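> Below you'll find the structure I mean.
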Amino acid sequence: MVVEATAVEQRREETQRVRPIIGPGARRHAAMSSTKPWRWIDLDLVRSRGYPQTLRPITGPPAKSPHGAALARSKGMAEQPVLVVRDVVKTYAGMVVLDHVSLYVERGETLVIVGGSGAGKSTLIRQIVGIERPDSGTVSIAGIDIASLGEVALLQARRHLAVVFQNNALLDSLSVFDNVAFPLREELNVSERDVEPRVMAKLDALGLADAREKLPGELSGGMAKRVAVARALVVEPELLIYDEPTTGLDPKTARKVDHLIDETRDRFLVTSMVITHDMATAYEVADRVMLLEHGRFVGEGPTELFFSSNVEAIRSFSEASGFDPHKLELARAHRKTAAEIRAAWGSRRR
Ligand SMILES: Nc1ncnc2c1ncn2[C@@H]1O[C@H](COP(=O)(O)OP(=O)(O)OP(=O)(O)O)[C@@H](O)[C@H]1O
Ligand SMILES: [Mg+2]
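Written as structure tokens, this is what we have:
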């Protein structure tokens, strides 16, 4: 407890010492909770001071935003992190692939996890969705610790989240409609009478109604991604996890997918976690970024400061990406804050 308090204190000090950046990003950050970092936190340093890894910041009073009142009313559920991964270790045949990994995702935010090939990103997703079980550590989805659950309870807990897979994982022989209907029919046993309206609601919202009879092979890369998002959304998840959403797409389509991620968040008020090595995506959609290297998170902070980060690993990753940071403010100026999404989610639930 003493150690935890020290780590949180250090985090507070760091967030308060650093002045907010200038421009639209500064407004966004000002609207974020006071515990959000305005500079990169060196997680190795935090660990070396005796705390395993920063976790959820202590929640302060509701952020001052146009939705402040709604946010206050919806506290409780809305203030609970949707996902908490605590100290997860995963080894394959003695090789450590996840080395005491911890993270949280707050409701309404978009957490982007960046990391190079082999860093352990896909392995992390498999532990989160419960396809594999970690050697040690815990994964909690909407407050439920999934490690201790049996198969049936695990399936239920998994309904809080859905994954948009890297290659979309659409079934080639099924139409767009049947692909989106698949989880309702096969996993939730929804009656056929209710399938049609639920599927069509998502197809309409994502501009896919006219494509309902098409086969995946007849779709462009961008449309196929939309279908994958529709299929993930049809089970009404609270958290959407995107695995490498832009890999294999041309740059124009990739940027459309970035917009799709933001659009989906705004429209369906989902919390998002995006795993990528595409820095343009990170810049476009992130509220917060964490860098995973060799199975360890080495830093956490705002995308705006990626290129001037105090953490060497972050700087070298961003420099190697070749992304032009001057495009950042233009791309991000229109985004809503996580607090706004959280407040809207809270008022819709009431
Ligand atoms: N089932 C497995 N058995 C053995 N080793 C594995 C297994 N899954 C992953 N690994 C190893 O774990 C490491 C991390 O793999 P992972 O696929 O999680 O990386 P990644 O960050 O998703 O990389 P990429 O960007 O290339 O997809 C790699 O060295 C990989 O070879
Ligand atoms: Mg991977």
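With the sequence shown counted from 1, adding 795 to any position gets you my numbering. All residues carry an ideal CB built from backbone N, CA and C; glycine is no exception. Please read all numbers here as calculations on a predicted model, not as lab measurements.
1. Am I right that L979 and V1029 are in contact with their C-beta atoms under 8 Å? What's the rounded C-beta distance?
2. Return yes when at least one heavy atom of ligand 2 lies under 6 Å from the C-beta of K916, else no.
3. Is the distance from the Cβ of L1034 to the Cβ of T1066 below 7 Å?
4. Just checking my contact of L1055 with K1009 at CB under 8 Å: how many whole Å lie between their CB atoms?
5. Return yes when the C-beta of Y899 is under 6 Å from any heavy atom of ligand 1, and no when it is not.
6. Please state whether DSSP places F1092 in a helix, a strand or coil.
7. Does the distance between the C-beta of G913 and the nearest non-hydrogen atom of ligand 1 fall short of 6 Å?
8. Using the Cα positions of R988 and A996, report the straight-line distance between them to the nearest angstrom.
9. Can you name the start and end residues of the alpha helix (DSSP H) that G1141 belongs to?
10. Of all the options K885, V896, M890, which has the alpha carbon lying nearest to the alpha carbon of D839?
11. With the cut-off set at 7 Å, would you say V884 and S931 are in Cβ contact?
12. Can Y887 be considered in contact with ligand 1, in the sense that its beta carbon sits closer than 6 Å to one or more heavy atoms?
13. Please report the distance separating the alpha-carbon of E991 from that of V959.
14. Tell me the residue span of the alpha helix (DSSP H) that contains G1016.
Taking the definition as stated:
1. With a beta-carbon spacing of about 6 Å, L979 and V1029 fall inside the 8 Å limit used to define contacts.
2. yes
3. yes
4. Actually they are not in contact, since the Cβ atoms of L1055 and K1009 sit about 18 Å apart, beyond 8 Å.
5. no
6. strand
7. At a threshold of 6 Å, G913 counts as near ligand 1, since its beta carbon sits closer than that to one of the ligand's heavy atoms.
8. 14 Å
9. 1133-1144
10. With distances taken between Cα atoms, D839 lies closest to V896.
11. A distance below 7 Å separates the beta carbons of V884 and S931.
12. yes
13. 21 Å
14. 1016-1028
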